[in-house]
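Structure, as structure tokens:
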Amino acid sequence: MGGSAGGALAAAVSAGGGLGLLGAGDHAWLDRELPILTTALHHNADTAGLRDSRAPAGAQPPSGAHLPTDAPAPSDARPFPDTRFFPDTRAPSDTRAPSDTRAPSDTRAPSDTRAPSDTPSDTRAPSDTRAPSGAPAPWGAGFLTWAIEPGLVERVLEHGARAVMFSFGDPAPWVRMVHAAGALVIVQVTDLDEARQAVELGADVIVAQGTEAGGHGARRGRSVLSFVPLVVDLAGPTPVLAAGGIGDGRGLAAALALGADGALLGTRFQATPESLAHPMITAALLAGRGADTERSSVLDVVRGSAWSPKYTARTLAHPHLDRWRDREPEAAASTQAQQDYRDDVERGVIPPLPVWAGEAVDLITELVPAAGLVESLSLEAEQSLSRAGARPPRASEADRFPPLPGRVQAEIAECFRLGLVAECQAAPAGVMNLNWRLSTGNGQFAVKRLTDRSPEAFRAAQDLLPRLAEAGFPVPAPLRTASGDTLQKINGFWYAVSTWLPGTHPAGADLDLGACTALGDLIGRLHLALADLCPPAPRSLPDVPPDAAQARAELARYAQISADHASRSLNLGAGTTNQALKLGTDTTNQALKLGTDTTNQALKLGTDTNQALKLGTDTTNRALEFGAEIARRRELLDRVADQRPPDQDVSPCGWTHGDLQPFNLLAENGLVTGILDWDRLDVRPYGLEVMRTATIMFSDGGRTALDLDRTAAFIRGYRAQIPITSGQLVDAAERRWWTLATETWQLQRHYDAGDTSCDHLFLTRGTFLHWWTSHRQQVQKTLSAVNH
Numbered sequence: 001m002g003g004s005a006g007g008a009l010a011a012a013v014s015a016g017g018g019l020g021l022l023g024a025g026d027h028a029w030l031d032r033e034l035p036i037l038t039t040a041l042h043h044n045a046d047t048a049g050l051r052d053s054r055a056p057a058g059a060q061p062p063s064g065a066h067l068p069t070d071a072p073a074p075s076d077a078r079p080f081p082d083t084r085f086f087p088d089t090r091a092p093s094d095t096r097a098p099s100d101t102r103a104p105s106d107t108r109a110p111s112d113t114r115a116p117s118d119t120p121s122d123t124r125a126p127s128d129t130r131a132p133s134g135a136p137a138p139w140g141a142g143f144l145t146w147a148i149e150p151g152l153v154e155r156v157l158e159h160g161a162r163a164v165m166f167s168f169g170d171p172a173p174w175v176r177m178v179h180a181a182g183a184l185v186i187v188q189v190t191d192l193d194e195a196r197q198a199v200e201l202g203a204d205v206i207v208a209q210g211t212e213a214g215g216h217g218a219r220r221g222r223s224v225l226s227f228v229p230l231v232v233d234l235a236g237p238t239p240v241l242a243a244g245g246i247g248d249g250r251g252l253a254a255a256l257a258l259g260a261d262g263a264l265l266g267t268r269f270q271a272t273p274e275s276l277a278h279p280m281i282t283a284a285l286l287a288g289r290g291a292d293t294e295r296s297s298v299l300d301v302v303r304g305s306a307w308s309p310k311y312t313a314r315t316l317a318h319p320h321l322d323r324w325r326d327r328e329p330e331a332a333a334s335t336q337a338q339q340d341y342r343d344d345v346e347r348g349v350i351p352p353l354p355v356w357a358g359e360a361v362d363l364i365t366e367l368v369p370a371a372g373l374v375e376s377l378s379l380e381a382e383q384s385l386s387r388a389g390a391r392p393p394r395a396s397e398a399d400r401f402p403p404l405p406g407r408v409q410a411e412i413a414e415c416f417r418l419g420l421v422a423e424c425q426a427a428p429a430g431v432m433n434l435n436w437r438l439s440t441g442n443g444q445f446a447v448k449r450l451t452d453r454s455p456e457a458f459r460a461a462q463d464l465l466p467r468l469a470e471a472g473f474p475v476p477a478p479l480r481t482a483s484g485d486t487l488q489k490i491n492g493f494w495y496a497v498s499t500w501l502p503g504t505h506p507a508g509a510d511l512d513l514g515a516c517t518a519l520g521d522l523i524g525r526l527h528l529a530l531a532d533l534c535p536p537a538p539r540s541l542p543d544v545p546p547d548a549a550q551a552r553a554e555l556a557r558y559a560q561i562s563a564d565h566a567s568r569s570l571n572l573g574a575g576t577t578n579q580a581l582k583l584g585t586d587t588t589n590q591a592l593k594l595g596t597d598t599t600n601q602a603l604k605l606g607t608d609t610n611q612a613l614k615l616g617t618d619t620t621n622r623a624l625e626f627g628a629e630i631a632r633r634r635e636l637l638d639r640v641a642d643q644r645p646p647d648q649d650v651s652p653c654g655w656t657h658g659d660l661q662p663f664n665l666l667a668e669n670g671l672v673t674g675i676l677d678w679d680r681l682d683v684r685p686y687g688l689e690v691m692r693t694a695t696i697m698f699s700d701g702g703r704t705a706l707d708l709d710r711t712a713a714f715i716r717g718y719r720a721q722i723p724i725t726s727g728q729l730v731d732a733a734e735r736r737w738w739t740l741a742t743e744t745w746q747l748q749r750h751y752d753a754g755d756t757s758c759d760h761l762f763l764t765r766g767t768f769l770h771w772w773t774s775h776r777q778q779v780q781k782t783l784s785a786v787n788h
């Protein structure tokens with residue numbers, strides 16, 4: 001990554017739960033970047049440590065309470081941070097020292113993108129650098145082995161580096177020194193000879209770099225897909241990280257599937273706010289394509305770089321590469337070639353360094369703060385492994401929701417002035433929201449992460465809540481930061497905090513008819529209050545129901561995908577079962593020869609095998625269930641395609657909550673105590689809103705038939721407040737039914753996005769849809785008979 005991995009980026013990666021590697025090029029570079037790194041990490045540790053000390057609520061950390069920046073890492077300390085899913089795995093790659101501004105040339109710090117002399121040294125404040133509480137987050141340093149200046153390795157160790165990475169050269173002279181300091185030796189290798197040397201030297205971690213990697217690598221190397229398994233087999237118990245062409249969590253999951261213990265990412269972390277990458281390079285990365293990258297030594301030659309011919313560099317397109325492609329000897333003999341390069345840099349025609357970029361550069365579409373990027377990589381990898389059946393089903397609903405990292409808890413508590421955090425629990429009710437209950441000395445608070453709404457729309461809804469509370473509605477009170485905002489951005493995500501309301505989520509079946517009427521009356525009064533408090537809304541809105549042909553085409557596409565998945569699951573299951581049975585027989589027979597202890601171990605292996613077989617069965621069954629339901633939906637649409645509701649203006653309309661259903665309601669003793677989750681506030685037809693609530697509330701989310709008596713009581717209470725006719729309600733019900741018949745969003749999440757959190761909705765709503773289809777006239781009759 002060249003000169004882009006300075007102190008701010010390394011600190012942010014470590015604070016996010018990975019291992020940030022500081023480029024360690026020369027002493028002048030370290031003079032500037034080490035203070036930025038250590039200050040950021042110690043600030044995080046001080047803040048989190050003071051919060052965890054259980055001081056009285058509201059206590060503030062003493063000024064200047066920073067740990068010494070030159071404290072070495074204890075020899076018995078764990079060298080890597082604990083991470084949620086993949087232990088000790090994540091760090092930026094291509095860790096080289098700063099750039100072509102001195103001899104020997106091209107000694108770069110992580111990301112090969114900008115020379116230290118071209119980077120701002122005094123104006124940059126590290127961002128998003130929260131670390132786990134109690135101690136500074138671990139960090140490391142990366143060196144170009146062939147260009148290490150005297151005293152550099154000793155210096156980073158004295159400042160507490162917990163790992164030192166060596167790339168492109170013989171690390172033997174420094175291994176004993178690093179180990180003596182209690183730090184890990186990481187060796188990046190580009191071929192099997194280098195991998196063998198790393199094992200013989202006692203490397204603690206080996207990075208297997210494939211030719212897809214950006215920046216320098218083997219001239220005659222192998223791809224990650226073939227190289228990583230070979231290195232894993234050769235390394236034995238030594239952890240292996242994959243590097244090269246990994247740009248998102250799916251790539252990380254693939255690395256784990258190849259046998260690696262994690263991944264090293266370089267190109268992706270250049271495109272972060274903390275990176276020192278030149279603006280021209282950042283823009284090129286965002287616009288770049290993997291097909292436009294190329295491995296060559298031309299740019300090393302025309303820059304006068306001292307790289308060994310054993311290594312070439314993968315870069316994006318470059319005018320000097322075009323000019324001298326396949327003419328390296330001629331360029332090396334031409335003093336004008338190097339002068340032309342320097343002249344173009346001075347004129348600003350090209351950035352100071354080439355755009356080192358791996359083949360996954362297409363996946364970089366935006367700048368994301370580094371700490372948040374580490375977290376999102378983990379989450380996406382987890383989803384990918386889950387989709388591939390590489391992990392067993394999670395034990396409980398709460399397990400589907402990630403814990404809120406301690407550093408984020410601390411920053412939220414500080415920004416919203418909540419006091420010292422005592423406990424944080426996931427609040428898993430619902431499907432697509434991420435919520436937590438945060439307990440402090442000052443009480444309990446609800447924390448929400450925005451997932452699919454704009455901050456502007458969310459703020460507008462939050463500003464409305466105090467006025468609704470004044471009008472007597474049970475809504476949470478939003479908290480504000482010191483600047484008066486109801487949102488705070490942390491690690492690339494927006495968070496909001498509100499008071500925690502009492503109560504439990506009510507099930508429609510538990511409400512008597514009087515409570516159902518009262519709920520309808522409450523929603524009607526809420527709609528009237530919103531009409532008074534919000535800007536004027538149109539009296540009607542156009543509604544264009546989904547097209548049946550388009551829905552059928554989508555279902556046909558997913559039917560094929562589902563069939564392919566089921567086939568792969570069955571084939572995999574058969575192969576795995578046969579292998580497992582053979583393994584079980586061989587192991588048990590051997591165990592009987594060796595003794596009781598080994599037999600017990602064989603029995604445990606058999607239990608583990610049964611769990612693996614159960615996982616295969618569950619995965620296959622889910623694929624078959626999806627396939628069967630897709631077939632039923634297609635058959636249904638074939639029968640009712642001519643019954644699509646007409647395109648027309650629908651009324652009456654007004655401001656509505658947008659998602660009133662059990663998970664967004666709280667109740668105690670039959671009374672509603674909370675109306676939650678206001679981020680979908682918008683103008684809608686009242687009939688569609690109330691029918692959506694009824695069909696979710698009184699069918700147990702689609703798990704049962706619609707309770708028509710409770711639905712009628714609910715509608716009766718609503719019509720007592722809102723003047724809506726029976727005909728308008730029947731029309732709304734028909735439009736709701738058609739929406740269920742044509743929706744495919746759960747399949748999109750499952751097959752296109754790899755998100756299985758909504759799988760159950762596709763099956764349960766399918767069951768409800770088929771019930772409704774056979775009882776449409778009964779539903780219409782019930783709605784027509786409701787009097788207010």
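Per this note's numbering, the very first residue in the sequence shown carries number 1; after that it's consecutive. Yeah, the Cβ is synthetic: ideal placement off N, Cα and C, and Gly gets one too.
Neighbour-count burial assignment, V349, 16 or more Cβ in a 10 Å radius: So V349 counts as exposed.
Beta-carbon gap between T847 and A357 smaller than 8 Å: Past the edges of the chain, shown from 1 to 788, lies residue 847, and the structure says nothing about it.
Proximity of P645 and R735 at Cβ, strictly below 8 Å: The criterion of a C-beta distance shorter than 8 Å is satisfied by P645 and R735.
R539 versus A531: straight-line alpha-carbon distance, rounded: In a straight line, the C-alpha of R539 is about 11 Å away from that of A531.
C-alpha distance - A553 paired with V232, whole-angstrom precision: Whole-angstrom Cα-Cα distance: 44 Å.
Proximity to T365 [Cα-Cα], best of E375, A284, D322: The shortest Cα separation from T365 among E375, A284, D322 belongs to A284.
Three-state class that DSSP yields for E734 in the structure shown: Here E734 sits in helix by DSSP.
Span separating the alpha-carbon of V803 from that of P319: An answer regarding residue 803 cannot be provided, because it is not within the stretch 1 to 788 covered by the chain.
Neighbour-count burial assignment, D642, 16 or more Cβ in a 10 Å radius: Exposed: under 16 other Cβ atoms inside 10 Å.
Option in L468, G503, A509 with minimal Cα separation from L533: Taking only the C-alpha atoms, the option nearest L533 is L468.
Bridge partners - W356, DSSP secondary structure assignment: Per DSSP, the beta-bridge partners of W356 are T315.
Exposure label - V544; buried when at least 16 CB within 10 Å: Result: exposed.
N- and C-terminal bounds of the alpha helix (DSSP H) containing H750: Taken as a continuous stretch (DSSP letters only), H750 belongs to no alpha helix (DSSP H), as it is neither H nor E.
Residue from R557, F473, Q209, G508 whose Cα sits closest to the Cα of A529: Comparing Cα positions, the closest option is F473.
Cβ contact check for the stretch 676-691 and the stretch 743-752: 3 or more pairs under 8 Å: With the cut-off at 8 Å, the stretch 676-691 and the stretch 743-752 do not touch.
Among D170, R220, V178, the one whose alpha carbon lies nearest that of R196: The shortest Cα separation from R196 among D170, R220, V178 belongs to D170.
Contacts around I630, its chain only, beta-carbon distance under 7 Å, and the 5 residues preceding and following it disregarded: Here the set comprises L555, Y558, A559, S562.
Three-pair Cβ contact test at 8 Å for the stretch 25-42 versus the stretch 3-15: With a cut-off of 8 Å, the stretch 3-15 and the stretch 25-42 count as touching, because enough Cβ pairs lie within range.
Closest residue to T282 among P536, R268, E294 (Cα-Cα distance): The option with the nearest alpha carbon to T282 is R268.
Cβ neighbours of A253 in the same chain (closer than 6 Å, five flanking residues each side left out): Around A253: A381, S384, L385.
Complete runs of the alpha helix (DSSP H) confined to the stretch 261-311 [at least 4 residues]: Entirely contained in the stretch 261-311, the alpha helix (DSSP H) runs reaching 4 residues are, in chain order, 267-270, 279-287, 298-302.
CB contact flag (V207, I186, <8 Å): A contact, by the Cβ cut-off of 8 Å.
Whether P405 touches A446 by CB criterion (8 Å): No, Cβ-Cβ distance for P405 and A446 is not below 8 Å.
Option in L526, P652, T440 with minimal Cα separation from Q728: The candidate whose alpha carbon is nearest that of Q728 is P652.
Contact belief for V368 with T272 at Cβ below 8 Å, rounded distance in angstroms: About 6 Å separates the beta carbons of V368 and T272, which is inside the 8 Å limit, making them a contact pair.
F168 beta carbon near the ligand NAD (any heavy atom closer than 7 Å): No copy of the ligand NAD appears in this structure; indeed no ligand is present at all.
Nearest to A551 (by Cα), restricted to the options V153, A333, A137, R633: Of the candidates V153, A333, A137, R633, the one whose C-alpha sits nearest the C-alpha of A551 is R633.
Inter-residue spacing [alpha-carbon to alpha-carbon] between L464 and G419: Each residue's alpha carbon lies about 26 Å from the other.
Whole runs of the beta strand (DSSP E) within the stretch 654-711, excluding any shorter than 3 residues: Look at the stretch 654-711 and you find these whole runs of beta strand (DSSP E), each 3 residues long or longer: 665-668, 671-675, 682-685.
First through last residue of the beta strand (DSSP E) which encompasses Q462: That residue, Q462, is in no beta strand (DSSP E); its alpha helix (DSSP H) goes 455-470.
Nearest-angstrom Cα separation, counted from E414 out to I490: Straight through space, the alpha carbons of E414 and I490 are spaced by roughly 12 Å.
G674 to T499 span [Cα, whole Å]: Distance between the alpha carbons of G674 and T499: 11 Å.
Cβ neighbour criterion (16 or more within 10 Å) applied to W745: By the neighbour-count rule (16 or more Cβ atoms within 10 Å), W745 is not buried but exposed.
Coil, strand or helix - A537 by DSSP: The DSSP-derived three-state label of A537 is coil.
Buried versus exposed call for T277 [16 or more other C-beta atoms within 10 Å across all chains shown]: According to the sequence provided, residue 277 is Ala. The question's Thr does not apply to it. A277 comes out buried.
Nearest neighbour of T742, chosen from D759, G766, T756 [CA to CA]: Among D759, G766, T756, the Cα nearest to that of T742 belongs to G766.
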